[in-house]
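Working notes, structure below.
Number of protein chains: 2
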Amino acid sequence: MGERWALGVDLGGTKLEVARVDGDGQVLDALRMATDVDGGPASVEADIARMSRALWERADSPPVGIGVGIAGQIDGQRGQVRFAPNLGWREVPLREDLERLLRVRAVVTNDVRAITWGERLHGAGRGIDDLVCLYVGTGIGGGVVSAGRLLEGCTNTAAELGHIIIDLNGPPCTCGNRGCFEALAGGWAIARQAQEMARNDPSAGERMLFLAGGAVGKITAETVARAAASGDPFVTGLLENVSRALIAGCVSLVNAFNPCRLILGGGVIDGLPDLIDKVREGVKRNGLPAATAGLEVVRGLLGANAGAVGAGSLAMEVFG
Amino acid sequence: MGERWALGVDLGGTKLEVARVDGDGQVLDALRMATDVDGGPASVEADIARMSRALWERADSPPVGIGVGIAGQIDGQRGQVRFAPNLGWREVPLREDLERLLRVRAVVTNDVRAITWGERLHGAGRGIDDLVCLYVGTGIGGGVVSAGRLLEGCTNTAAELGHIIIDLNGPPCTCGNRGCFEALAGGWAIARQAQEMARNDPSAGERMLFLAGGAVGKITAETVARAAASGDPFVTGLLENVSRALIAGCVSLVNAFNPCRLILGGGVIDGLPDLIDKVREGVKRNGLPAATAGLEVVRGLLGANAGAVGAGSLAMEVFG
Chain R
61 MGERWALGVD LGGTKLEVAR VDGDGQVLDA LRMATDVDGG PASVEADIAR MSRALWERAD
121 SPPVGIGVGI AGQIDGQRGQ VRFAPNLGWR EVPLREDLER LLRVRAVVTN DVRAITWGER
181 LHGAGRGIDD LVCLYVGTGI GGGVVSAGRL LEGCTNTAAE LGHIIIDLNG PPCTCGNRGC
241 FEALAGGWAI ARQAQEMARN DPSAGERMLF LAGGAVGKIT AETVARAAAS GDPFVTGLLE
301 NVSRALIAGC VSLVNAFNPC RLILGGGVID GLPDLIDKVR EGVKRNGLPA ATAGLEVVRG
361 LLGANAGAVG AGSLAMEVFG
Chain E
61 MGERWALGVD LGGTKLEVAR VDGDGQVLDA LRMATDVDGG PASVEADIAR MSRALWERAD
121 SPPVGIGVGI AGQIDGQRGQ VRFAPNLGWR EVPLREDLER LLRVRAVVTN DVRAITWGER
181 LHGAGRGIDD LVCLYVGTGI GGGVVSAGRL LEGCTNTAAE LGHIIIDLNG PPCTCGNRGC
241 FEALAGGWAI ARQAQEMARN DPSAGERMLF LAGGAVGKIT AETVARAAAS GDPFVTGLLE
301 NVSRALIAGC VSLVNAFNPC RLILGGGVID GLPDLIDKVR EGVKRNGLPA ATAGLEVVRG
361 LLGANAGAVG AGSLAMEVFG
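Just so you know, the sequences run in chain order R and E.
Each residue of the first sequence is one higher than the last, beginning at 61 in our numbering.
Each residue of the second sequence is one higher than the last, beginning at 61 in our numbering.
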């Protein structure tokens with residue numbers, strides 16, 4: 061009999077990853093492909109099943125179960141995807157479908173909640189009972205652990221941290237409201253600001269435009285990060301706005317949740333290495349002293365596989 | 061042998077109330093006086109002890125214990141007041157002192173947390189496992205129950221909801237930061253805005269000035285409420301700002317905590333009866349649909365004695 065392991069799936073709007081994860085949160089093996097969004101749930105589920113079987117064949121024991129993290133709102137009890145905007149899915153019985161296809165037990169959760177739990181079990185939140193995990197990618201997602209328990213809320217959508225309002229007069233958000241955290245500091249908002257800058261002042265946007273292959277519409281948060289890394293002085297003001305917004309949002313979270321650890325991760329945090337120090341300083345300066353007394357602001361440790369590790373670790377915990 | 065009851069104490073910067081509270085959260089008897097802030101902890105503790113004994117003498121059984129709710133940061137384990145800004149107290153061993161003075165067991169907590177727990181046991185949050193209680197008085201305080209448990213956080217200061225940031229370019233807050241929820245919607249902020257208005261435009265401020273006895277510096281949130289009640293058209297814009305700020309803050313809380321019930325209370329909510337409908341509407345309109353699906357926005361039910369009822373109910377639960 062071989063080692064105990066679980067399948068961990070990170071199901072995003074661009075990338076689908078399936079990993080073989082052990083009880084220490086280590087990735088033993090992994091497969092990755094572009095998500096076939098156009099194919100709809102049936103096609104994506106078939107891809108997950110095929111990748112899972114391939115990993116299973118390369119192992120010397122069956123998985124204890126499969127965990128899936130997906131960007132969207134989940135009905136945790138039924139393992140049903142209520143709404144996954146990036147995939148265009150509504151009311152997909154993902155747990156049921158995967159259990160039928162793979163004949164192993166499945167658990168489905170929100171992607172950043174999976175990461176949060178993974179960070180707590182094996183990463184930057186090990187042994188910490190009160191933590192907030194903030195993932196700043198294209199949007200901003202979050203997970204909160206309080207007294208050792210993941211907050212779920214009334215309808216399992218607690219910790220939509222990208223949609224706390226930090227500027228009630230601020231720019232519109234994709235959610236229909238204004239001034240949300242992610243409308244100021246998320247990857248899409250950084251891209252929007254950079255594109256505006258390049259349109260309004262072509263000379264200031266020159267470097268970014270070059271890095272984006274000459275098309276303003278192709279400037280992304282990654283372009284901004286690369287321009288910053290190459291010393292482009294014109295992105296300084298933009299990054300100043302982003303770091304002010306990140307500090308304001310993090311102060312709100314620290315005052316509201318009083319975590320021992322604030323764990324930051326995601327493409328924007330990885331791409332702009334100075335940000336985490338600025339947030340650490342800013343939160344200590346602007347947060348309530350009582351709320352920051354026990355606080356550490358740290359980088360997530362699960363790395364590029366965070367989603368799959370988190371989902372697999374959850375499955376190990378539930379079924380292992 | 062008589063009924064089981066507890067002493068409940070609401071200890072604020074202006075008012076000190078001690079009540080005899082039964083197992084249903086009913087006030088059987090109560091005493092109230094101005095808080096002797098200048099006398100310091102020893103004098104206030106002596107007042108609490110004297111009022112407690114007077115209530116005890118009028119009862120036909122001893123109390124099961126005493127609960128104290130106090131505006132400030134509490135070390136819950138030791139029952140020590142870390143910092144109570146309105147009283148100017150730092151590191152006061154309140155639980156120990158009261159147990160020594162009264163020879164009954166004592167529990168000390170933050171005032172809005174006491175109210176939150178009281179609302180959950182006997183008020184607007186009965187039977188609800190996920191709720192947010194927001195008290196809008198001079199400042200803004202809060203309490204959060206998630207999965208049936210009061211959030212405490214890493215250093216027992218979770219739910220400082222008056223200090224989430226809703227306008228990162230907003231006015232200064234007493235905490236040293238800018239744009240906090242209470243710096244836009246708390247009673248002191250409403251008073252500040254009204255005073256500014258009366259100073260800048262005496263004709264617009266005429267009604268408020270009259271109600272405040274002619275001194276701009278005496279205009280309070282209550283003056284604004286009375287001016288509004290008397291149909292003063294000049295306070296409309298000010299109240300519009302307050303309701304926008306309240307909606308923004310409540311949307312943040314609903315998206316972050318996903319409560320089943322948002323309970324509003326405190327002087328500002330009581331003084332401006334239209335506010336609660338506006339918040340209810342605004343939160344439904346601007347909150348994430350998934351986060352508002354199960355939400356009710358309601359008024360607190362514990363009324364004027366909320367602090368003492370909450371603290372007494374906590375003592376009944378802990379010691380009863």
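For glycine and all other residues, C-beta sits at the position ideal for the given N, C-alpha and C.
Since we're looking at a predicted model, the values are computed, not measured.
Can you tell me the Cα-Cα spacing of residue 114 of chain E and residue 124 of chain E, whole angstroms?
If you number the second sequence from 1, residue 114 of chain E lands on position 54. If you number the second sequence from 1, residue 124 of chain E lands on position 64. Computed Cα separation, rounded: 16 Å.
State the start and end residues of the unbroken alpha helix (DSSP H) segment that holds residue 64 of chain E.
As a position in the second sequence, residue 64 of chain E is number 4, starting the count at 1. Taken as a continuous stretch (DSSP letters only), residue 64 of chain E belongs to no alpha helix (DSSP H), as it is neither H nor E.
Distance check for residue 73 of chain R and residue 253 of chain E, CA to CA, integer angstroms please.
If you number the second sequence from 1, residue 253 of chain E lands on position 193. If you number the first sequence from 1, residue 73 of chain R lands on position 13. In a straight line, the C-alpha of residue 253 of chain E is about 46 Å away from that of residue 73 of chain R.
Helix, strand or coil for residue 1 of chain R, going by three-state DSSP, please let me know.
Residue 1 of chain R lies beyond the stretch modelled for chain R, which goes from 61 to 380, so this question has no answer here.
Taking a cut of 7 Å between CB atoms, which residues from the segment 310-324 of chain R lie near chain E?
So the close ones are 311, 312, 315, 316, 317, 318, 319, 320.
Go to residue 118 of chain R, then tell me how far its alpha helix (DSSP H) extends in each direction, as first and last residue.
Numbered from its first residue, the first sequence carries residue 118 of chain R at position 58. Counting along the chain, residue 118 of chain R falls outside any alpha helix (DSSP H), and DSSP gives it neither H nor E.
Taking CB distances under 7 Å as the criterion, tell me whether residue 194 of chain R reaches chain E.
Taking the first residue of the first sequence as 1, we reach residue 194 of chain R at position 134. So, not an interface residue.
Determine, using beta carbons only, whether residue 157 of chain E and residue 105 of chain E come nearer to each other than 7 Å.
Mapped onto the second sequence, residue 157 of chain E falls at position 97. Mapped onto the second sequence, residue 105 of chain E falls at position 45. Yes, they are a contact pair.
Use the C-beta contact count for residue 117 of chain E: other C-beta atoms within 10 angstroms, 16 or more gives buried, fewer gives exposed.
Translated into positions along the second sequence, residue 117 of chain E becomes position 57. With fewer than 16 other Cβ atoms within 10 Å, it is exposed.
Looking at the secondary structure, which residues open and close the alpha helix (DSSP H) in which residue 343 of chain R lies?
Position 283 of the first sequence holds residue 343 of chain R. Residues 335-346.
Within the 7 Å Cβ cut-off, does residue 226 of chain R reach chain E?
The residue you call residue 226 of chain R lines up with position 166 of the first sequence. So yes, residue 226 of chain R belongs to the interface.
In this structure, how does DSSP classify residue 264 of chain E when only helix, strand and coil are distinguished?
Position 204 of the second sequence, counted from the start, is the residue given in the question as residue 264 of chain E. In this structure, residue 264 of chain E counts as coil in the three-state DSSP scheme.
Determine the DSSP secondary structure at residue 356 of chain R, reduced to helix, strand or coil.
For the purposes of this step, residue 356 of chain R is taken as the residue at position 296 of the first sequence. Here residue 356 of chain R sits in strand by DSSP.
Less than 7 Å between the beta carbons of residue 369 of chain R and residue 178 of chain R, yes or no?
Against the first sequence, residue 369 of chain R aligns to sequence position 309. Against the first sequence, residue 178 of chain R aligns to sequence position 118. Going by C-beta atoms, residue 369 of chain R is nearer than 7 Å to residue 178 of chain R.
Going by DSSP in three states, residue 274 of chain E sits in which element: helix, strand or coil?
Taking the first residue of the second sequence as 1, we reach residue 274 of chain E at position 214. Three-state DSSP puts residue 274 of chain E in coil, outside helix and strand.
Are any of the Cβ atoms in chain R nearer than 7 Å to that of residue 217 of chain E?
Within the second sequence, the letter at position 157 stands for residue 217 of chain E. True, the Cβ-Cβ gap to chain R drops below 7 Å.
If contact is defined by three or more beta carbon pairs under 8 Å, each pair taking one atom from either stretch, is the segment 318-328 of chain R in contact with the segment 172-187 of chain R?
A contact exists between the segment 172-187 of chain R and the segment 318-328 of chain R.
Roughly how many angstroms separate the alpha carbons of residue 190 of chain E and residue 273 of chain E, rounded to a whole number?
Locating residue 190 of chain E in the second sequence gives position 130, where the first residue counts as 1. Locating residue 273 of chain E in the second sequence gives position 213, where the first residue counts as 1. One C-alpha to the other measures close to 44 Å.
Flag residue 133 of chain R as yes if its beta-carbon sits less than 7 Å from any beta-carbon of chain E, otherwise no.
Residue numbering aside, residue 133 of chain R sits at position 73 when the first sequence is read from its first letter. Chain E contact via Cβ: present.
Do you know how far the Cα of residue 284 of chain R is from the Cα of residue 92 of chain R?
For the purposes of this step, residue 92 of chain R is taken as the residue at position 32 of the first sequence. For the purposes of this step, residue 284 of chain R is taken as the residue at position 224 of the first sequence. Using only the alpha carbons, I get a separation of about 26 Å.
Look up residue 193 of chain R in the DSSP assignment and give the residues it is bridged to.
Indexing the first sequence from 1 puts residue 193 of chain R at position 133. Its beta-bridge partners are R/203, R/323.
On the three-state DSSP scale, how would you describe residue 138 of chain E?
On the second sequence, position 78 is the one that residue 138 of chain E refers to. In this structure, residue 138 of chain E counts as coil in the three-state DSSP scheme.
Does the segment 325-341 of chain E come close enough to the segment 295-313 of chain E to have 3 or more Cβ pairs within less than 8 Å?
Segments in contact, yes.
When the cut-off is 7 Å and only beta carbons count, does residue 171 of chain R lie next to chain E?
Locating residue 171 of chain R in the first sequence gives position 111, counting from the first residue. It does not: the Cβ of residue 171 of chain R has no partner Cβ on chain E nearer than 7 Å.
Verify the CB distance criterion: does residue 341 of chain E have a CB-CB separation below 7 Å to chain R?
Position 281 of the second sequence, counted from the start, is the residue given in the question as residue 341 of chain E. Cβ-Cβ to chain R under 7 Å: no for residue 341 of chain E.
Among residues of its own chain, excluding the 5 on either side of residue 376 of chain E, which ones have a beta-carbon nearer than 7 Å to its beta-carbon?
The sequence position of residue 376 of chain E within the second sequence is 316, counting from 1. These residues qualify, in order along the chain: 66, 81, 83, 124.
Which residues, taken in chain order from the segment 197-209 of chain R, show a beta carbon closer than 9 Å to some beta carbon of chain E?
Listed by position, the residues of the segment 197-209 of chain R near chain E (Cβ gap below 9 Å) are 202, 204, 206, 207, 209.
Against residue 146 of chain R, what residues of chain E qualify as contacts under a CB-to-CB distance less than 7 Å, listed in chain order?
On the first sequence, residue 146 of chain R is found 86 positions in, with the first residue counted as 1. Within 7 Å Cβ-Cβ: nothing; residue 146 of chain R doesn't reach chain E, min ~15 Å.
Would a check of beta-carbon distances place residue 354 of chain R closer than 7 Å to chain E?
Numbered from 1 along the first sequence, position 294 holds the residue referred to as residue 354 of chain R. Cβ-Cβ to chain E under 7 Å: yes for residue 354 of chain R.
Scan the segment 212-266 of chain E and note each continuous alpha helix (DSSP H) run of 4 residues or more that stays entirely inside, going in chain order.
Qualifying alpha helix (DSSP H) stretches, in chain order: 241-245, 247-260.
Along chain R, in chain order, which residues have C-beta atoms closer than 9 Å to that of residue 212 of chain E?
Against the second sequence, residue 212 of chain E aligns to sequence position 152. Simply 190, 206, 207, 318.
Going by the CB atoms, is the gap between residue 167 of chain E and residue 101 of chain E shorter than 7 Å?
Along the second sequence, one-based indexing puts residue 101 of chain E at 41. Along the second sequence, one-based indexing puts residue 167 of chain E at 107. Cβ atoms of residue 101 of chain E and residue 167 of chain E: not closer than 7 Å.
Is it right to say residue 349 of chain R is buried, meaning 16 or more other beta carbons lie within 10 angstroms of its own, or is it exposed?
Sequence index remark: in the first sequence, residue 349 of chain R carries index 289 (1-based). Exposed is the call here.
Starting from the C-beta of residue 94 of chain R, find all residues in its chain whose C-beta is less than 8 Å away, skip the five residues before and the five after it, and write them out in chain order.
Here residue 94 of chain R refers to the residue found at position 34 when the first sequence is read from its first residue. The residues are 74, 75, 76.
Identify the contact partners of residue 182 of chain R in chain E, using a Cβ-Cβ distance below 7 Å as the criterion.
Here the question's residue 182 of chain R lines up with position 122 in the first sequence. The contacting residues do not exist; residue 182 of chain R stays about 21 Å from chain E at best.
Return helix, strand or coil for residue 129 of chain R, following the three-state DSSP convention.
For the purposes of this step, residue 129 of chain R is taken as the residue at position 69 of the first sequence. Looking at residue 129 of chain R - three-state DSSP - the assignment turns out to be strand.
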